[in-house]
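There are 2 protein chains.
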Amino acid sequence: MKSLISNIQIQVQHSLYLKDPLSSELGKKIIKGSIELICELGFEQFTFKKLAVKIASTEASVYRYFESKNKVLLYLTNWYWSWLEYRLVFATTNVPSAYDQLTKAVYLLTEDITEDGNFEHIDEGKLHQIVLSESLKSFLTKDVDSDNEGGAFAPYKNLVQRISNIILQINPNYKYPHMLVSTVVEGAHIQRHFANHLPRLTDVVEGEDAVAEFYSQIVFKAIK
Amino acid sequence: MKSLISNIQIQVQHSLYLKDPLSSELGKKIIKGSIELICELGFEQFTFKKLAVKIASTEASVYRYFESKNKVLLYLTNWYWSWLEYRLVFATTNVPSAYDQLTKAVYLLTEDITEDGNFEHIDEGKLHQIVLSESLKSFLTKDVDSDNEGGAFAPYKNLVQRISNIILQINPNYKYPHMLVSTVVEGAHIQRHFANHLPRLTDVVEGEDAVAEFYSQIVFKAIK
DNA sequence: CATTTTCAATAGTTTTACTATTAATTTTGC
DNA sequence: GCAAAATTAATAGTAAAACTATTGAAAATG
Chain P
1 MKSLISNIQI QVQHSLYLKD PLSSELGKKI IKGSIELICE LGFEQFTFKK LAVKIASTEA
61 SVYRYFESKN KVLLYLTNWY WSWLEYRLVF ATTNVPSAYD QLTKAVYLLT EDITEDGNFE
121 HIDEGKLHQI VLSESLKSFL TKDVDSDNEG GAFAPYKNLV QRISNIILQI NPNYKYPHML
181 VSTVVEGAHI QRHFANHLPR LTDVVEGEDA VAEFYSQIVF KAIK
Chain H
1001 MKSLISNIQI QVQHSLYLKD PLSSELGKKI IKGSIELICE LGFEQFTFKK LAVKIASTEA
1061 SVYRYFESKN KVLLYLTNWY WSWLEYRLVF ATTNVPSAYD QLTKAVYLLT EDITEDGNFE
1121 HIDEGKLHQI VLSESLKSFL TKDVDSDNEG GAFAPYKNLV QRISNIILQI NPNYKYPHML
1181 VSTVVEGAHI QRHFANHLPR LTDVVEGEDA VAEFYSQIVF KAIK
């Protein structure tokens, strides 16, 4: 990823936090520390107590910003979806062919992100790791419906809708655009997780990006 | 599902339990109660204490059978994968055409299971619900690698391998058979979950089985 | 029938998730 | 410029969850 616009800030919905973490130094340390700690320990082992120790603050102070660790995860995944949508819009504006737009979109959805980029308090590579391993958990909960009512999945839905529209430009009769896009998004995450931990459930080829290639084939064959 | 053979028992690996739950009445009550309670409360809210109250036993007694609630989830998902493989073998033996075998396999992977079947202590419909919402969590953990070493995902891998072999019979040059199968398995679960909770991420059509139809198209177009 | 093993209950401990209260700091109203 | 109001983050908790040590009773074994 080349640098886009340097002083852009990605806004996450207010319903996910008690106090905007971008509004104070402690807030930014909470975000930065959460990304590092969730990446390191996994979401289950991540606690506000451990985070507080890491950033030299206290548990209670973290609770001033976030109601629960689940909201932190929702905050981070929402940031990620908004960031992805922003990059998608950037990559597809002024591209006249819907076909080329979809190629870029599928690439963005399936690529492996390792670099850290433009945002001082967010390490995009580590955040991508978190999204691979943990983002599914944000809607595989009994709270899905209430979280959803509060708009917690809006950026994800927007992204899926946007790419679905590109698909419908190419083939207006295709019946399952949303299913296709969300299959690619979640599938790419799971396949990368499998490649890291359960290789017999996937087909990783050394030196090739099999995940990107596989889903690109799937998408273009599906809508033909 | 029509009844197959009535006195078949599905064996789950010893590494997942401390004492075989099928070896005593209490053990069977633990399995039956766990399925009901996880289905009702979700895995996060499920505790051994609540289970003990439900089956009129004690927390400590449950710990005689299972090391942790994660192992219970692994036990249940393993049972499910073994059951699915059993049904797959049953549905494809004596079917000469690999194409027909694959059609049946995709159907088994994507169908919606609601009925309770042949196993006294296991409600297959509820177990399917659990697999839809919770099975991903069994490998989205920091324990994946050690669980995997203990063989916790063997039945899943077997199932994927078996269907991959069918795909390779149809098209020996297809590069991504495992990725395709695991995409269908996990995708079907996630899409059904979306249909229930986040419909804007999928394309549910009233009265049709869109999930089965979508993945069937994906598979046969992909390997062509 | 004595010995060993297994079983499941009681009664813990430790950790996690979350809250009430308060001193210190910052913001604001005039 | 300073008192009042609001905000911040620390201390010190509680309640529940996850898990363990111990033990008497029941069952299996030799």
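Chains as they are written, first to last, in this note's numbering: chain P, 1 to 224; chain H, 1001 to 1224. Ideal placement from N, C-alpha and C gives every residue a C-beta, glycine not left out.
Cβ proximity to chain P below 7 Å picks out nothing from the segment 1010-1038 of chain H. In the three-state reduction of the DSSP assignment, Gly125(P) falls in the helix class. Pro177(P) is positioned such that its CB atom lies no closer than 7 Å to that of Asn78(P).
Shown here for Leu1037(H): same chain residues with a beta carbon closer than 8 Å to its own, the five before and five after excluded, namely Phe1046, Lys1050, Leu1051, Lys1054 in chain order. Under the three-state reduction of DSSP, Lys19(P) is assigned to coil, being neither helix nor strand. When C-alpha distances from Lys1157(H) are compared across Val1181(H), Asn1173(H), Asp1143(H), the shortest belongs to Val1181(H). In this structure, Val1106(H) keeps its C-beta atom at 7 Å or more from the C-beta atom of Val1211(H). Around Ala1222(H), the same chain offers Leu1180 as residues with beta carbons nearer than 7 Å, after the five sequence neighbours per side are excluded.
Under the three-state reduction of DSSP, Asn78(P) is assigned to helix. Neighbours of Thr141(P) in chain H, taken as residues at a C-beta separation under 7 Å, are given in chain order as Gly1042, Glu1044.
For His1128(H), not one C-beta of chain P is nearer than 7 Å to its own C-beta. One alpha carbon belongs to Lys137(P), the other to Lys1137(H), and they sit about 7 Å apart.
The segment 55-72 of chain P and the segment 126-136 of chain P do not touch, with fewer than three beta-carbon pairs separated by less than 8 Å.
Under the three-state reduction of DSSP output, Glu25(P) falls in the helix class. Between the alpha carbons of Leu140(P) and Val1205(H) lies a distance of about 22 Å. Annotation: Cβ neighbours of Thr202(P) in chain H (cutoff 7 Å, chain order): His1178, Met1179, Ser1182. Against chain H, the CB of Ser133(P) has a partner CB under 7 Å away; the residue lies at that interface.
Taking a beta-carbon distance threshold of 7 Å, Ala60(P) does not count as an interface residue toward chain H. Put simply, the backbone Cα of Ile170(P) is about 6 Å away from that of Ala98(P).
For the 7 Å CB-CB criterion, Gln1191(H) and Thr1202(H) form a contact. Cβ contact annotation for Leu1026(H) (same chain, cutoff 7 Å, sequence separation greater than five): Ser1057, Ser1061, in chain order. Contact of Phe1066(H) with chain P is not assigned, every C-beta pair being separated by 7 Å or more.
The CB of Leu1073(H) never comes closer than 8 Å to any CB in chain P; the least such distance is about 12 Å.
Taking a C-beta distance under 7 Å as the contact criterion, Gly1207(H) and Ser1015(H) do not qualify as a contact pair.
Residues of chain P with a Cβ closer than 7 Å to the Cβ of Leu1051(H) do not exist; the shortest Cβ-Cβ separation is about 17 Å. Distance from Leu1198(H) to Asn148(P) at the Cβ level is roughly 6 Å; contact confirmed, criterion being Cβ atoms closer than 8 Å. In the assembly as shown, Thr1093(H) is an exposed residue. Its beta-carbon has fewer than 16 other beta-carbons within 10 Å. In this structure, the straight-line span from the alpha carbon of Lys1126(H) to that of Asp143(P) is close to 19 Å. Counting the other Cβ atoms within 10 Å of the Cβ of Pro1172(H) gives fewer than 16, which makes it exposed. Counting along the chain, no alpha helix (DSSP H) covers Asp209(P), and no H or E run does either. With respect to chain P, the C-beta atom of Phe1048(H) has no partner C-beta closer than 7 Å.
Under the 7 Å criterion on CB atoms, Phe220(P) is classed as non-interfacial with respect to chain H.
For Pro155(P), the enclosing alpha helix (DSSP H) stretches over residues 154-170.
Not a single C-beta of chain P is nearer than 7 Å to the C-beta of His1189(H).
For Ala195(P), the CB contacts under 6 Å within the same chain, skipping 5 residues up- and downstream, are Thr202, Val204 in chain order.
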